[in-house]
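Notes follow once the structure below has been shown.
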Amino acid sequence: MLDTSILAFLQSLAWTGPVPGGVEVLSPFSNPETMAVCRAFYRAFYHDKAPRTLLIGINPGRFGGGVTGIPFTDPVRLQVECGIDNPWPKKQELSSVFMYEMIRAFGGPQAFYKKIYITSVSPLGFTRQGKNLNYYDDTHLLGALEPFAVDCLRRQLAWGMNTAVAFCLGGGKNFAYLEKLNAKYGFFGKIIPLAHPRYIMQYQLKQKAAHIATYLESFSIEGILA
Numbered sequence: 104m105l106d107t108s109i110l111a112f113l114q115s116l117a118w119t120g121p122v123p124g125g126v127e128v129l130s131p132f133s134n135p136e137t138m139a140v141c142r143a144f145y146r147a148f149y150h151d152k153a154p155r156t157l158l159i160g161i162n163p164g165r166f167g168g169g170v171t172g173i174p175f176t177d178p179v180r181l182q183v184e185c186g187i188d189n190p191w192p193k194k195q196e197l198s199s200v201f202m203y204e205m206i207r208a209f210g211g212p213q214a215f216y217k218k219i220y221i222t223s224v225s226p227l228g229f230t231r232q233g234k235n236l237n238y239y240d241d242t243h244l245l246g247a248l249e250p251f252a253v254d255c256l257r258r259q260l261a262w263g264m265n266t267a268v269a270f271c272l273g274g275g276k277n278f279a280y281l282e283k284l285n286a287k288y289g290f291f292g293k294i295i296p297l298a299h300p301r302y303i304m305q306y307q308l309k310q311k312a313a314h315i316a317t318y319l320e321s322f323s324i325e326g327i328l329a
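Heads up: the sequence shown is residues 104 to 329, going by the numbering used here.
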């Protein structure tokens, strides 16, 4: 079953490359509470063998996936939208707010996760001076990332995922890096960029409905949303 493969993957994640000075690796899966929530989530939505299409983010942040272990899912959305109790303070994270509005428009978590698997170029996160750090914002970290990112993608695609198309969250540096990896390793037939949820919520809030429509249209064109 897909949930078994996902959980084994998450539990095995370990950063083995060099870590630039001042950078700390964020590994939520070493927390027993996080793994308990991950088991409940993936068993609820991925307990089958159906292939999914990848939606690929940057790396987990401190207040969403960095806490819950579920990409773009804060403790509020985890309980209210996914029906999974969790022990954390019910603080929301902006990217999660957008993502679950889009998921509701898709048809809800059951419909969405039946078709989509969310991951990241780096499934482990990074912080510096207590703040989130995107992998591409540190030259040394970016230089050390490729072996880890490639290994993670290969392992996840080996579960029988859709390789004809993938979606990238972020049309700038994340998309450029993923395109570079794809040109070198041939993971996907094509990669389609979508505006990152945090960018939308911070800078284009008035256009949120239009961005949700763009997400759904992109999924529909690729046959993922009927």
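Note that CB positions come from ideal geometry on N, CA and C, so glycine has one too. Values in this document were obtained by computation on a predicted structure and should not be read as measured data.
In the three-state DSSP reduction, GLU249 falls in the helix class (H, G or I). The beta carbons of THR242 and LEU129 sit no closer together than 7 Å.
If you keep only unbroken alpha helix (DSSP H) runs of at least 4 residues inside the region 151-190, you get 168-171 and 178-183. Where PRO135 is concerned, the enclosing alpha helix (DSSP H) starts and stops at 135-148. Sixteen is the threshold: since fewer than 16 other Cβ atoms of the shown chains lie within 10 Å of the Cβ of ALA261, the residue is exposed. The C-alpha of ILE187 lies about 6 Å from the C-alpha of LEU181.
DSSP places THR242 within a helical segment (H, G or I) once states are collapsed to three. Distance from ALA247 to LEU284 at the Cβ level is roughly 14 Å; contact not present, criterion being Cβ atoms closer than 8 Å. The three-state secondary structure of VAL200, taken from DSSP, is helix. Relative to TYR145, the option among PRO123, LYS217 and ASN134 whose CA is nearest is LYS217. A Cβ-Cβ separation of about 18 Å leaves ALA298 out of contact with THR156 under the 8 Å criterion. Straight-line spacing of the CA atoms in ASP240 and ILE161 works out to 11 Å. Annotation for PRO300: the continuous alpha helix (DSSP H) segment containing it runs 300-306.
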